[in-house]
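Asks: Please find one structure pasted underneath; my questions will follow.
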Amino acid sequence: MQKLYHFRDAILKGFPKQIYVLHSDIASSFPLSELKIQDFKELLTRFGCIVTNPETAQALHYIEKPESFLSNTINTDDPLRPQDDQLCLEQDVIAPLANRGKLYVYQTKSSWKQIKSAGSALPANALVLESYKSNNPIVEPCYIDETAVIDPSAKIGPNVSIGANVRIRFGARVRDSIILDNTILEQNSCVLFSILGEDNKIGAWARVEGAPIPLDGTVEKNNISVLAKDVEVKSEVHVRSCIVLPHKSLGRSSAKEVLL
118 MQKLYHFRDA ILKGFPKQIY VLHSDIASSF PLSELKIQDF KELLTRFGCI
168 VTNPETAQAL HYIEKPESFL SNTINTDDPL RPQDDQLCLE QDVIAPLANR
218 GKLYVYQTKS SWKQIKSAGS ALPANALVLE SYKSNNPIVE PCYIDETAVI
268 DPSAKIGPNV SIGANVRIRF GARVRDSIIL DNTILEQNSC VLFSILGEDN
318 KIGAWARVEG APIPLDGTVE KNNISVLAKD VEVKSEVHVR SCIVLPHKSL
368 GRSSAKEVLL
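Throughout the sequence shown, residue numbering follows my numbering, covering 118 to 377 in sequence.
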């Protein structure tokens, strides 16, 4: 709490309409994207048992760690103004808000694991991996080498083969493509209906694509993009249906060309 108050100017920079405070010792998916809150009467947390009005979501009563534990996600517009070093979120903020009828909750059915010791990180890790398995945007069929590193936010597939030591950054999109060893796709890049050779580098927001392949499987000349070994596509460059020879650096967009 004291740290929040200390960094209050940085937190409130830009006058955000709402902020989320995660006060918890659990691992969970925390569905923050689902919280499209228009007013400022929610307080985000995972502690305590809150008795709520099912129609209005108003918190009628708050108890810290009762025998029947219930985790919640909540937020509030009441400013955090610590008076001393002994300020406690549960006792000095949440409980008084509940008593004043200003505490509201957002309930989620997401699974969670409590973290109370170093050893509890293992079951929490299993939970995170299970969530990753169910939510990770990989559309089969795909082959991904075990040494490839793919950001969880990247969407892969269908019909993708990824070679050894490939690096795919935040927000990238790959489908119907072959990506050979040691190639790097920077953040928010896109590769569709293409073959990327070894040691390629696709810059941020760059796009390499070919035309969709017909259902009969016929591939016409200049239909897909093929990049040979050691090709670099600069950031924000669009390469469409091109054949690119080795050791080429592309700084401008091209379409239906053979680039020597």
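Glycine included, every Cβ here is placed at the ideal spot set by N, Cα and C.
1. Expressed to the nearest angstrom, what Euclidean distance is found between the alpha-carbon atoms of Ala-372 and Gly-320?
2. What is the DSSP secondary structure of Ile-341, counted as helix, strand or coil?
3. Whose C-beta lies closer than 6 angstroms to the C-beta of Arg-324 among residues of the same chain, with five residues either side of it excluded?
4. For the segment 304-318 against the segment 276-289, are there 3 or more C-beta pairs whose distance is under 8 angstroms?
5. So, helix, strand or coil for Tyr-137, using DSSP?
6. I think Ile-279 touches Ile-255, with their Cβ atoms under 8 angstroms apart; what is that distance to the nearest whole Å?
7. Just to confirm, is the Cβ distance from Gly-314 to Ala-345 under 7 angstroms?
8. Quick check on DSSP: helix, strand or coil for Glu-207?
9. Could you please give the first and the last residue of the uninterrupted alpha helix (DSSP H) stretch that includes Arg-292?
10. Which same chain residues end up closer than 7 angstroms to Asp-142 when comparing Cβ atoms and leaving out the 5 residues on each side of it in sequence?
11. Go through its chain and collect everything with a Cβ distance to Lys-318's Cβ below 6 angstroms, but skip five positions before and after it.
12. So, using beta-carbon positions, are Ile-296 and Val-283 closer together than 7 angstroms?
13. Cβ of Cys-359 within 7 angstroms of Cβ of Leu-377?
14. Tell me, which residues are paired with Glu-326 by DSSP?
15. For Val-168, count the other beta carbons within 10 Å of its own beta carbon; 16 or more makes it buried, fewer makes it exposed. Which is it?
16. In the DSSP assignment, what residue or residues form a beta bridge with His-178?
17. From Asp-209, Leu-206, Tyr-221 and Cys-205, pick the residue whose C-alpha is nearest to that of Asp-173; which is it?
18. The alpha helix (DSSP H) that contains Ile-128, what's its start and end?
19. Using the Cβ count rule (16 or more neighbours within 10 Å means buried), how would you classify Phe-310?
20. Looking only at DSSP bridge pairs, what is Arg-107 linked to?
21. Report the option in Lys-351, Ile-341 and Glu-353 whose CA atom is closest to the CA atom of Glu-374.
22. Looking only at DSSP bridge pairs, what is Lys-226 linked to?
Replies: Reading from the atomic positions:
1. Along the sequence shown, one-based indexing puts residue 372 at 255. Along the sequence shown, one-based indexing puts residue 320 at 203. Going by the C-alpha atoms only, they are around 17 angstroms apart.
2. Walking along the sequence shown from the start, residue 341 turns up at place 224. The answer is coil: DSSP assigns Ile-341 none of H, G, I, E or B.
3. Walking along the sequence shown from the start, residue 324 turns up at place 207. Excluding sequence neighbours, Arg-324 sits near Cys-307 and His-355.
4. They touch, by the three-pair rule.
5. As a first step, residue 137 must be located in the sequence shown, where it is residue number 20. It is coil, neither helix nor strand.
6. Looking up residue 279 in the sequence shown gives position 162. Looking up residue 255 in the sequence shown gives position 138. Wrong, their Cβ atoms sit about 10 angstroms apart, outside the cutoff.
7. If you number the sequence shown from 1, residue 314 lands on position 197. If you number the sequence shown from 1, residue 345 lands on position 228. Taking a C-beta distance under 7 angstroms as the contact criterion, Gly-314 and Ala-345 qualify as a contact pair.
8. Taking the sequence shown and counting its residues from 1, the one referred to as residue 207 is at position 90. Three-state DSSP puts Glu-207 in a helix.
9. If you number the sequence shown from 1, residue 292 lands on position 175. Element bounds for Arg-292: not the alpha helix (DSSP H) but the beta strand (DSSP E), 290-292.
10. By one-based count along the sequence shown, residue 142 stands at place 25. Taking Asp-142 as the centre and dropping the five residues before and after it, the same chain places the C-beta of Gln-231, Ile-232 and Lys-233 closer than 7 angstroms to its C-beta, in chain order.
11. By 1-based counting over the sequence shown, the position of residue 318 is 201. Hits under 6 angstroms: Ile-301 and Glu-349.
12. As a working mapping, residue 296 is identified with position 179 in the sequence shown. As a working mapping, residue 283 is identified with position 166 in the sequence shown. In this structure, Val-283 lies closer than 7 angstroms to Ile-296 by Cβ.
13. Taking the first residue of the sequence shown as 1, we reach residue 359 at position 242. Taking the first residue of the sequence shown as 1, we reach residue 377 at position 260. Judged by their CB atoms, Cys-359 and Leu-377 are not nearer to each other than the 7 angstroms cut-off.
14. Along the sequence shown, one-based indexing puts residue 326 at 209. According to DSSP, Glu-326 bridges with Leu-309 and Arg-357.
15. As a working note, residue 168 is residue 51 in the sequence shown. Val-168 should be labelled exposed.
16. Stepping through the sequence shown from its first residue, residue 178 is reached at position 61. Its beta-bridge partners are Val-168.
17. Position 56 of the sequence shown, counted from the start, is the residue given in the question as residue 173. According to the sequence provided, residue 173 is Thr. The question's Asp does not apply to it. With respect to the C-alpha of Thr-173, the residue from Asp-209, Leu-206, Tyr-221 and Cys-205 having the closest C-alpha is Tyr-221.
18. Taking the first residue of the sequence shown as position 1, residue 128 is located at position 11. Counted as a single uninterrupted DSSP element, the alpha helix (DSSP H) harbouring Ile-128 occupies residues 125-128.
19. Within the sequence shown, the letter at position 193 stands for residue 310. Per the 10 Å Cβ criterion, buried.
20. Residue numbering for the chain in the displayed model covers 118 to 377; residue 107 lies beyond these limits and cannot be assessed.
21. The residue given as residue 374 occupies position 257 in the sequence shown. When each option's Cα is compared against that of Glu-374, the closest is Ile-341.
22. As a working mapping, residue 226 is identified with position 109 in the sequence shown. Paired residues: none, contrary to the question.
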